[in-house]
Amino acid sequence: MFANFAQAQRQQQQRTAEITVSLNERFFDVLLDAVFANLKAPSFPIAENGSKFKVQSSKFENGVRSAANGVQSPEFTKSSFATEIANRKSKIENSPACDETIRLQREIDGVRTAVRFRDGKIYAPIAFAGSYNPPFVGCVDFQGYAEANVELDFDESKQILIGRAKVLNVVLSGTNGVGSAFITKLVQGAVDKKFNPLQILQTDKLSFVIPIQNADGALRMRATGVRTEITNGALNVYIAYEFVKV
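In our numbering, the protein residues as written are 3 to 248.
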C-alpha cells in the first residue's frame, strides 16, 4: 500500500511543473505607499446593525440604578442624575455625527503599517486611527498600532493564497484614558474578524493557455498546490501547476 502511494506521488510530481514568485519587503512597502497615496484608507465599521458598544462607568451606572430604585445618595441624587443626563444628552446632540470606524493609517507614533519577514515568520505592524461613541460620553477618538502575525493558507478551490492576521498586542494613544481596555479588544476583534482573510496571490492570474500548433488543441495551467518559504526579508511562493486540456 505504501509503495503504491509513493508511486502515485512520483507520477503526480512528474505531471506537474513549478514556478517561483518572490515577494520582498520593499514590494509591500511600495504597494502600501500606493494604496495610501491613491485610494481611501481601508476602514472597518465598529457598530453592527445599529448597535452601540458600551464602556462601563461604575459610578454613573450606580447612580442610574440608585435613581431608578428611588435611592438617593450624597454622590448621586435623583436631581443630580437628571442634570447629568440632560448635560450629557445636550453635549451629544450638539456634537457632529461620530464616524464609528477603525481606519488603517500609513504611520502612527513612528510605526508604519508594513509587512516584515523575520525568523521564518510574517510580522505585520498595523497603524490605525478611529472613533467610537460610548453612551453619555460622546465621540471618542483613538489611535495607535497593533502588532500581528500572519499565517498563510492556500484555498485550492478558489486558487488563492490567503493570509490570516492574528493580533498579538495593541499599543494605544489618543484616548485620554477613556475605555483603553475596551478599545484594545475592539481593535483585536476588528482585525481578526473583518480584516481577514487577506488575499495575497491569485494563482489563476499566473495561469495561461498554451496553444499547441498542429495538435488541434491547447493546454491550460492549473495550480495544484502551493508551498511557501519565508527568508529574512522575503516570501518565496512555489506554485505547482499541471497542464490540462482546454
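Beta carbons are placed, not taken as given, at the ideal position from N, Cα and C, and that holds for glycine.
Source: prediction; values computed, not measured.
Whole-angstrom C-beta distance between residue j and residue i, which should lie under 8 Å
i: LYS187; j: LEU221; result: That belief does not hold up - the Cβ atoms of LYS187 and LEU221 are roughly 52 Å apart, past 8 Å.
i: VAL152; j: ILE124; result: 4 Å
i: ASP194; j: VAL172; result: Contact flag wrong, Cβ pair sits at about 12 Å.
i: LEU237; j: THR226; result: 20 Å between Cβ atoms; not a contact.
i: ASN106; j: ALA43; result: Note that residue 106 is Leu in the sequence shown here, rather than Asn. Yes, LEU106 and ALA43 are in contact; Cβ-Cβ is about 5 Å, under 8 Å.
Spatial neighbours of residue i in its chain, beta-carbon cut-off 7 Å, leaving aside the 5 residues before and after
i: ILE164; result: ASP155, ASP157, PRO199, LEU200, GLN201, ILE202
i: PHE210; result: MET223
i: THR18; result: THR226, ALA242, TYR243, GLU244
i: ASN6; result: For ASN6, the predicted structure reports a pLDDT of 48, less than 50, and the residue's modelled location is therefore unreliable. A value from the coordinates is still provided. There are no such residues.
i: GLN58; result: With a pLDDT of 43 at GLN58, under the threshold of 50, the modelled position of that residue is not reliable, and no figure is offered here.
Top-ranked residue by Cα proximity to residue i, from the options
i: LEU208; options: ASN216, ILE241, GLY132; result: ILE241
i: PHE130; options: GLY140, ASP111, PRO136; result: ASP111
i: SER182; options: LYS195, LEU237, GLN215, PRO136; result: PRO136
i: LYS160; options: THR205, GLU149, LEU174; result: THR205
i: ASP143; options: PRO127, VAL113, LYS168, ASP101; result: ASP101
i: ASP31; options: ALA99, ILE128, ARG105; result: ILE128
i: ARG166; options: ALA192, VAL23, SER175; result: ALA192
i: GLY146; options: LEU174, VAL228, GLY140, THR22; result: LEU174
i: SER45; options: SER133, PHE29, ILE212, GLU149; result: SER133
i: ILE162; options: ILE21, VAL228, ASP218; result: VAL228
DSSP-derived helix/strand/coil call for residue i
i: LYS123; result: strand
i: SER159; result: coil
i: THR230; result: strand
i: LEU33; result: helix
i: GLN190; result: helix
i: ASP206; result: helix
i: ALA148; result: strand
i: ARG166; result: strand
i: GLU20; result: strand
i: ASN135; result: coil
i: ASN40; result: helix
i: GLU2; result: Residue 2 falls outside the range modelled here, since the chain spans only 3 to 248, and no answer is possible.
i: ILE48; result: coil
i: ALA183; result: helix
i: VAL246; result: strand
i: GLY65; result: Note on GLY65: pLDDT 48, under 50, position unreliable in the model; no value is reported.
Whether residue i touches residue j by CB criterion (8 Å)
i: PHE119; j: ASN234; result: yes
i: PRO47; j: THR103; result: yes
i: ALA126; j: VAL113; result: no
i: PHE197; j: ARG108; result: no
i: VAL239; j: LEU34; result: no
Same chain, Cβ closer than 6 Å to residue i, five either side skipped, listed in chain order
i: ARG1; result: Residue 1 falls outside the range modelled here, since the chain spans only 3 to 248, and no answer is possible.
i: ASP274; result: Coverage of the chain is limited to positions 3 through 248, which leaves residue 274 absent and any answer about it impossible.
Contacts around residue i, its chain only, beta-carbon distance under 8 Å, and the 5 residues preceding and following it disregarded
i: ALA150; result: TYR125, ALA126, PRO127, ILE128, ALA167, LYS168, VAL169, LEU170, VAL193
i: GLY122; result: ILE232
i: GLU27; result: ALA116, VAL117, ARG118, PHE119, GLY235, ALA236
i: GLN190; result: ALA148, VAL169, VAL172
i: ILE212; result: ALA220, LEU221, ARG222, MET223, PHE245
i: ILE21; result: LEU208, TYR240, ILE241, TYR243
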